[in-house]
Amino acid sequence: MTSAREIAAAVRCGASTAVEAVTAALARIERVDPVLCAFAEVWEEAALRGARAVDERIAAGEHLPLAGVPIGVKGRRGPRGAGPLIAAGCVPVGATAVPGPGTAWQTWGLGRYGRTVNPWRYDRTPGGSSAGSAAAVAAGLVPLATGSDGAGSVRIPAAWCGVVGLKATNGRLPSTDRTGLAAPGVLTRCVADAEAYWRVMAGPAETAGTPGTAGTPGGRERRTPTALWSADLGMPTALWSADLGFAGPDPEPVALARAAARRLADAGAVRLLPPGEPFRLEDPGPAWLALRGGGDLGTAARVRAVNDRRLGTLFRRADLLLTPTTPCAAHGHDGPGDRYSTALTWAFNLSGHPALSLPAGLGRDGCPVGLQLVAAPGREELLLAVAGAARR
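Printed below as a string of structure tokens:
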């Protein structure tokens, strides 16, 4: 699968056209989606019109950083939040599957042809609620798809489908979630494409000269993450936590994520801090549910205050917190039972911290799991720089 950055470069230089890139994506969707069920709607005519418009803009000399990149957008309302991507040259080809009426948001996606399946094993869920976006990217239908993350809804499907999933700092990008728990995000096959998404969504003023970001159209030279932090700040430090003090994860996801954390260190992307006293948060579940309308708001305020204080202390001595993305492997379509796959993710919706899920490896069942990287608010660029350095 050609990356988003490769597609855009080919369209900008005239080696390909947006129409060709979008036509190829539509053909892949037609061939694979009857089994995968990643799309709720496919907008063939609108997508081809959009691709022709991109080609006209390129011919007129306009610089489009994501020229001709076919994307999936989460849900039927997805294009509303994709305005900066469309302005940058992306072409939405369809609405990706989200949970349908009566389906569990933790588990399901409901596409045009039925239940969304995990591309690695059709008898397993891709995770939710950005189920279709993760499945479409993992299967190579599109190189990039948008998501939203209210409790792990970008990071969990990213982990279980073996792709990269970025959740922005809560409040940094527009969101319609009245509780403030949800933040926009993206799913991609490679870190470089997530970086390209972030540069467009955050804008050049936010990303110019930061680790892991390319120059603006004016031609500022890209600086490598390693060069930046060795010259300016030293190597980022990271603290590993298997369970955040409460989650009780299964041994295999922990072992795979821990090995991935060690690979980050071996690649020179981070310096792992000595274990010391285990890092502990209060279980965010009751607070999260209360804010969604199902519990005591006083308890929610107390848990949020305690966790914010502990996270503030952590990020004064470490640049990153590393955990497994999920406490368990992808389960079957009958659901997780009483277990929450959000156990290790929703704390950072409550606190608002940016977080990224990076593929960590395959379990004995042949399904992927993820390593979660969490940074201080506003430090998306650091997450992307560290993830990108590890996967070069």
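Under our numbering, the first residue of the sequence shown is numbered 34, with each subsequent residue one higher.
Every residue, glycine too, gets a C-beta built ideally from N, C-alpha and C.
The structure displayed is predicted, hence computed values, not measured ones.
If you pair each beta-carbon of the region 354–363 with each one of the region 182–199, do three or more pairs fall below 8 Å? Touching, yes.
A408 versus G218 - alpha carbon distance: The count along the sequence shown starts at 1 and reaches residue 408 at position 375. The count along the sequence shown starts at 1 and reaches residue 218 at position 185. Their Cα atoms are separated by approximately 15 Å.
Candidates C400, G318, F348: closest to L383 by CA position: For the purposes of this step, residue 383 is identified with residue 350 of the sequence shown, where counting begins at 1. Minimum Cα distance to L383 is reached at G318.
Report the CB separation of G18 from A84 in whole angstroms; it is logged as a contact under 8 Å. Residue 18 is absent from the model: the chain starts at 34 and stops at 425.
Please determine, among N151, R145, S163, Y155, the residue with the shortest C-alpha to C-alpha distance to K107. Within the sequence shown, the letter at position 74 stands for residue 107. Relative to K107, the option among N151, R145, S163, Y155 whose CA is nearest is S163.
Beta-carbon proximity of A271 to A351, cut-off 8 Å: Within the sequence shown, numbered from 1, the residue matching residue 271 stands at position 238. Within the sequence shown, numbered from 1, the residue matching residue 351 stands at position 318. For the pair A271 and A351, the CB atoms are nearer than the 8 Å cut-off.
Pull up the CB-CB distance for A362 and G396, whole angstroms please, since I reckon it's below 8 Å. The count along the sequence shown starts at 1 and reaches residue 362 at position 329. The count along the sequence shown starts at 1 and reaches residue 396 at position 363. Contact flag correct, Cβ pair sits at about 5 Å.
Are the region 113–126 and the region 135–154 touching, with three or more C-beta to C-beta distances below 8 Å? No, because fewer than three Cβ pairs between the region 113–126 and the region 135–154 fall closer than 8 Å, the two stretches do not touch.
Inter-residue Cα distance where the pair is V75 and S208: Against the sequence shown, residue 75 aligns to sequence position 42. Against the sequence shown, residue 208 aligns to sequence position 175. In this structure, the straight-line span from the alpha carbon of V75 to that of S208 is close to 24 Å.
G105 to R82, Cα distance in whole Å? Here residue 105 is taken as the residue at index 72 of the sequence shown, counted from 1. Here residue 82 is taken as the residue at index 49 of the sequence shown, counted from 1. If I take the Cα positions, the gap works out to 16 Å.
In this structure, does DSSP put G327 in helix, strand or coil? In the sequence shown, counting from the first residue as 1, residue 327 sits at position 294. In the structure shown, G327 sits in a helix (DSSP, three-state: H, G or I).
Per-residue DSSP class, three states only, for S72: Taking the sequence shown and counting its residues from 1, the one referred to as residue 72 is at position 39. Residue identity check: residue 72 is Phe in the sequence provided, not Ser. DSSP places F72 within a strand segment (E or B) once states are collapsed to three.
Where does A393 fall in DSSP's three states? Stepping through the sequence shown from its first residue, residue 393 is reached at position 360. Strand.
Measuring CB to CB, does G173 end up less than 8 Å from M34? Taking the sequence shown and counting its residues from 1, the one referred to as residue 173 is at position 140. Taking the sequence shown and counting its residues from 1, the one referred to as residue 34 is at position 1. Contact check for G173 against M34 passes: the beta carbons are separated by less than 8 Å.
Does DSSP classify N382 as helix, strand or coil? Numbered from 1 along the sequence shown, position 349 holds the residue referred to as residue 382. Residue state, collapsed to three classes: helix.
Cut-off 8 Å between Cβ atoms - residues of its own chain near G204, not counting five sequence neighbours on either side: In the sequence shown, residue 204 corresponds to position 171, counting from 1. Closer than 8 Å at Cβ, skipping near neighbours: G213, A216, G385.
Look at the alpha carbon of V52 and the alpha carbon of D88, and state the distance between them as a whole number of angstroms. On the sequence shown, residue 52 is found 19 positions in, with the first residue counted as 1. On the sequence shown, residue 88 is found 55 positions in, with the first residue counted as 1. Each residue's alpha carbon lies about 7 Å from the other.
Give the list of continuous beta strand (DSSP E) stretches no shorter than 3 residues that lie fully inside the region 118–165. List check, beta strand (DSSP E) in window: 124–129.
Between A293 and P369, what straight-line distance do the alpha-carbon atoms span, to the nearest angstrom? Residue mapping note: residue 293 aligns to position 260 of the sequence shown, counting from 1. Residue mapping note: residue 369 aligns to position 336 of the sequence shown, counting from 1. One alpha carbon belongs to A293, the other to P369, and they sit about 25 Å apart.
Option nearest P159 by Cα separation, candidates E413, H366, A376, A420: Here residue 159 is taken as the residue at index 126 of the sequence shown, counted from 1. Per the Cα distances, H366.
What are the boundary residues of the alpha helix (DSSP H) that L81 is part of? The residue given as residue 81 occupies position 48 in the sequence shown. It spans 77–92 - the alpha helix (DSSP H) in which L81 sits, taken as one unbroken run.
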